[in-house]
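Residue numbering for the sequence shown follows the numbering used here, beginning at 152 and increasing consecutively.
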Amino acid sequence: MPAPRILPAAYEDILNIADYRIREVGPNSAETITNRLLDTSDLLEETPLIGPLHHDPALQSMGYRKLLCGHYVCIYRIVDDIPIVYRVFHESQNYTADFLWEM
152 MPAPRILPAA
162 YEDILNIADY
172 RIREVGPNSA
182 ETITNRLLDT
192 SDLLEETPLI
202 GPLHHDPALQ
212 SMGYRKLLCG
222 HYVCIYRIVD
232 DIPIVYRVFH
242 ESQNYTADFL
252 WEM
């Protein structure tokens, strides 16, 4: 399977998460969560179906999956055999509505 693509919006999410962690917890925490999120995304290269189909019927009908990384959720789907990470949200966010609104 090809390497996963992380779209610019997802990279921006990861940077925002890191910025938040720097302010609230410190730079070590920011580095740790950034590495964990990127490592989790890398899992998609070998096991693209590791994340279940999303529980939201609208996202599920479009083939979106979710991959958990601690308190964060990576929203992705497979397009032409390439796992594509669209966004990364904190589990406490109403991310389903936000993500659908963006589409």
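Each residue gets a CB set at the ideal place from its N, CA and C atoms; glycine is no exception.
Spatial distance of E163 from M152 (CA atoms): One C-alpha to the other measures close to 25 angstroms.
Taking only the alpha-carbon atoms, compute the straight-line gap between H206 and F250 and give it to the nearest angstrom. Approximately 14 angstroms between the Cα atoms of the pair.
On the criterion of 16 or more Cβ atoms from any shown chain inside 10 Å, does L219 qualify as buried, or is it exposed? exposed
Quick one, which of L188, N245 and P234 has its alpha-carbon nearest Y215's? P234
Rounding to the nearest angstrom, what Cα-Cα distance links Y171 and A181 in this structure? 8 angstroms
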